[in-house]
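Enquirer:
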Amino acid sequence: MRNCCKILCSLIVLALLLVHGVTAENPYRYITWKITYGDIYPLGVKQQGILINGQFPGPQIDAVTNDNLIINVYNYLKEPFLISWNGIQQRRNSWQDGVYGTNCPILPGNNFTYVLQVKDQIGSYFYFPSFLFHKAAGGFGGIRIWSRPKIPVPFSPPAGDFTVLVGDWFKANHYVLRRTLESGHSLPSPDGLLINGRGWNGYTFTVDPGRTYRFRISNVGLTASINFRIQGHKMKLVEVEGSHTLQSTYDALDIHLGQSYSVLVTADQPAQDYYIVSSSRFTSPVLTTTSILHYSNSYRGVSGPVPGGPTTQIDWSLNQARSIRWNLTASGPRPNPQGSYHYGKINTSHTIILANSAPVINGKQRYAVNSVSYVPPDTPLKLADYFNIPGVFYLNSIPDNPTYSGAYLQTSVMAANFRDFVEIVFQNWEDTVQSWHIDGYSFFVVGMDGGQWTASSRARYNLRDAVARSSVQVYPKSWTAVYMALDNVGMWNIRSENWARQYLGQQLYLRVYSPANSWRDEAPIPKNALLCGRARGRHTRPLRH
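Letter by letter, the sequence shown follows residues -24 to -1, 1 to 521 of mature numbering (1 follows the signal peptide of the UniProt record, and there is no 0).
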């Protein structure tokens, strides 16, 4: 009888794990977050910020490859709230993506438990609030995914590991900015830049002389690309959003919206304090802020002028972007060289061209992709798809090539097939730098150049060691091309990382479909899934097997 009970209990636990799409053989990390408003002073002015467990920025998430993260989020705001995970791929599990196209928001006074597995991932990422322009109030934080102990890393263990969250900031509260956008106006220029939630010289990183440290730098801002540099020190690039890179050395790095970089910095200068500098790129005026690199044996503060950034614009940044390559001899999250995957030898099944624009629709400023400005539906797309709710969205409601016709409003969803290998070209005819992110995926950045992309542009592609990442920039009047294996079933957000553009329609959803209708391809709906809109009142009992 006792053995029968043990077997029954084991089966129940296994069933729960399958329903949540996690595996029992990997460790669990349990996290509880309380989301509240609180007073913050990032630029010396009192503001209402979004705190996580009383912190701004929010707590660091540390995990090891394949760990299961159980994150219980309590919403104590007066508005619905959602958290998304920038760069965390969530294999087979877009149910946990944390954007309104896949999840209902957490209502005030309620909670939701995210169940994520960082399957086959390493590297540097961040989380942020994705709903109601909350990103302008805080609620973001860093994510570090460490390699498993037996998987070699292509550099010696550093003496310390620092998270650096950099981004532009507005003194106006997020709901004021939101109303500005909703009234049909563009945002004003940001008021400043922050490093780890603080303004000028507000944050200090302490190092010991002669030792090497890892800095994980993420651009968590709303509108601006940034340039990052450390006075008197070189930076050796080692990782970009989960990909080990060739270890090139840089004096300064351009980091665009939504992007994350890891660099190694050796404290090899005379003992004193040095400026760590972030400045906005491609903006007028240029915004600058600093933090401090403090040598532990130093009694001398920072001195001299703040080091300036690049004096040239697009060419300097473009050449640097092309110099970032995949490290083909390094292992990834699995014990095999990254170069064993020959993406350049796979034939693409389809080419998608996405062109951004800034139209005025019904007298209001909007932003669009292929002339379609995205309108959020009354029910999350993932739920509408799962429950077969008609009228919420239509497949291929956005063309896969620019039409250059008049812009219009639509809940845009593009159909795609599981296991296809696609080429996506981001075409930018505007005078500003664009930044794009694809949830649920990393992709190979095979090419970028000025002018219009044509089929002949493929002759200049890097088909050997292009870096794999989840966010990419597109320079003014230029194009960027990526290759991507559609190996993750679900409803996935493709968006501008410029948050005003995203909020006013520069996004779409890619529905990656598998006809097998199997849990092997996609995790079942979680039992704790929040239901809203036309999905309210339905049962979350999994319908697939």
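Ideal Cβ positions, reconstructed from N, Cα and C, are used throughout, including at glycine.
Helix or strand or just coil, what does DSSP make of Arg68?
Expert: DSSP places Arg68 in coil when its eight states are reduced to three.
Enquirer: What does the Cβ neighbour count give for Ala431, buried or exposed, with the cut at 16 atoms within 10 Å?
Expert: Its Cβ having fewer than 16 others within 10 Å, Ala431 is exposed.
Enquirer: Residues in its own chain within less than 6 Å of Trp475 by CB, not counting five upstream and five downstream?
Expert: The residues are Lys111, Leu198.
Enquirer: For Ile365, which residues of its own chain have a beta-carbon under 7 Å away from its beta-carbon, when the five flanking residues on both sides are left out?
Expert: Taken in chain order, the residues that qualify are Thr355, Arg510, Ala511.
Enquirer: Three Cβ pairs or more, each shorter than 8 Å: is that satisfied between the segment 449 to 469 and the segment 409 to 417?
Expert: As far as the Cβ criterion goes, the segment 449 to 469 touches the segment 409 to 417, which means the pair count is three or higher.
Enquirer: Mapping the DSSP letters down to three states, classify His270 as helix, strand or coil.
Expert: Here His270 sits in strand by DSSP.
Enquirer: Since Ile59 and Pro105 should fall inside the 8 Å C-beta cutoff, what is the C-beta to C-beta distance between them, to a whole number of angstroms?
Expert: The pair is a contact, with the Cβ atoms about 6 Å apart (cut-off 8 Å).
Enquirer: Just verifying my parser: in three-state terms, what is the DSSP assignment at Glu473?
Expert: Coil, per DSSP.
Enquirer: Taking the alpha-carbon positions, what's the Gly14 to Phe32 distance?
Expert: Straight-line Cα distance between these residues: approximately 9 Å.
Enquirer: Would you tell me roughly how many angstroms separate the C-alpha atoms of Ile64 and Gln36, rounded to the nearest one?
Expert: Rounded to whole angstroms, Ile64 to Gln36 spans 14 Å at the Cα level.
Enquirer: Taking all protein chains shown into account, decide if Leu371 is buried (16 or more other Cβ within 10 angstroms of its Cβ) or exposed.
Expert: It is exposed - the Cβ of Leu371 has fewer than 16 other Cβ atoms within 10 Å.
Enquirer: Is the CB-CB distance between Thr324 and Phe397 below 8 Å?
Expert: The answer is yes: Cβ separation under 8 Å.
Enquirer: Just the Cα atoms here: how many angstroms apart are Gln386 and Gly77?
Expert: Answer to the nearest angstrom: the Cα atoms are 13 Å apart.
Enquirer: Tell me the DSSP secondary structure of Tyr384 in three-state form.
Expert: Residue state, collapsed to three classes: strand.
Enquirer: Considering only residues of the same chain and omitting the five flanking positions on each side of Gln289, which have a CB-CB separation below 7 Å?
Expert: Excluding residues within five positions, the ones whose Cβ falls inside 7 Å are Phe258.
Enquirer: Quick check on the burial criterion: 16 or more other C-beta atoms within 10 angstroms. Buried or exposed for Arg120?
Expert: Buried, since its Cβ has 16 or more Cβ neighbours within 10 Å.
Enquirer: Determine whether the beta carbon atoms of Asn29 and Trp9 lie at a separation below 8 Å.
Expert: Going by C-beta atoms, Asn29 is nearer than 8 Å to Trp9.
Enquirer: First and last residue of the alpha helix (DSSP H) that includes Trp292?
Expert: That run of the alpha helix (DSSP H) goes 290 to 299.
Enquirer: Can you check whether the CB of Phe107 is closer than 8 Å to the CB of Pro81?
Expert: A contact, by the Cβ cut-off of 8 Å.
Enquirer: Among Leu480, Val253, Val183, which residue has its Cα nearest to the Cα of residue 578?
Expert: Nothing about residue 578 can be reported from this structure: the residues present for the chain run from -24 to 521 only.
Enquirer: In the DSSP assignment, find the unbroken alpha helix (DSSP H) run with Arg257 in it and report its ends.
Expert: It is not in any alpha helix (DSSP H) - Arg257 instead sits in the beta strand (DSSP E) that spans 249 to 257.
Enquirer: Select from Gly208, Asn87, Phe138, Leu240 the residue whose C-alpha is nearest the C-alpha of Gly280.
Expert: The residue with the shortest Cα to Cα distance from Gly280 is Gly208.
Enquirer: Over the uninterrupted beta strand (DSSP E) stretch that includes Thr188, give me the two end residues.
Expert: Residues 188 to 195.
Enquirer: So, helix, strand or coil for Ser447, using DSSP?
Expert: Of the three classes helix, strand and coil, the one that applies to Ser447 here is strand, per DSSP.
Enquirer: Which residues bound the beta strand (DSSP E) around residue 538?
Expert: Limits of the chain in this structure are -24 at one end and 521 at the other, which puts residue 538 out of reach.
Enquirer: Name the DSSP beta bridge partners of Thr199, please?
Expert: Partner(s): none; Thr199 has no beta bridge.
Enquirer: Round the Cβ separation of Pro84 and Asn48 to the nearest angstrom and send it over; I've been treating them as touching at under 8 Å.
Expert: Contact doesn't hold; Cβ gap of about 16 Å is too wide.
Enquirer: For residue 523, tell me which candidate among Gly136, Gly74, Trp122, Val91 has the shortest Cα-Cα distance.
Expert: In the structure as shown, the chain begins at -24 and stops at 521. Residue 523 is therefore absent and cannot be evaluated.
Enquirer: Between the Cα of Gln72 and the Cα atoms of Asn295, Val94, Tyr459, which residue gives the shortest distance?
Expert: Comparing Cα-Cα distances from Gln72 to each of Asn295, Val94, Tyr459, the minimum goes to Val94.
Enquirer: Would you say Ala297 and Ala344 are within 8 Å of each other, going by their C-beta atoms?
Expert: No, the Cβ-Cβ distance between Ala297 and Ala344 is not below 8 Å.
Enquirer: Closest to Phe146 by CA distance: which of Pro128, Gly173, Thr139, Phe138 is it?
Expert: Ranking Pro128, Gly173, Thr139, Phe138 by Cα distance to Phe146 puts Gly173 first.
Enquirer: Output needed for Leu(-17): all residues of its chain with C-beta closer than 7 Å, excluding positions within five of it in sequence on either side, in chain order.
Expert: Here Leu(-17) scores only 37 on pLDDT, less than 50, and its place in the model is too uncertain to base an answer on.
Enquirer: Give me the Cβ distance between Met390 and Ile374, rounded to the nearest whole Å; I'm assuming they're in contact under 8 Å.
Expert: Their Cβ separation, rounded to whole angstroms, is 6 Å, which keeps Met390 and Ile374 in contact under 8 Å.
Enquirer: Between Gly(-4) and Leu507, what straight-line distance do the alpha-carbon atoms span, to the nearest angstrom?
Expert: Unreliable placement is indicated for Gly(-4), whose pLDDT of 48 sits below 50; the coordinate value is still reported in the next sentence. Whole-angstrom Cα-Cα distance: 19 Å.
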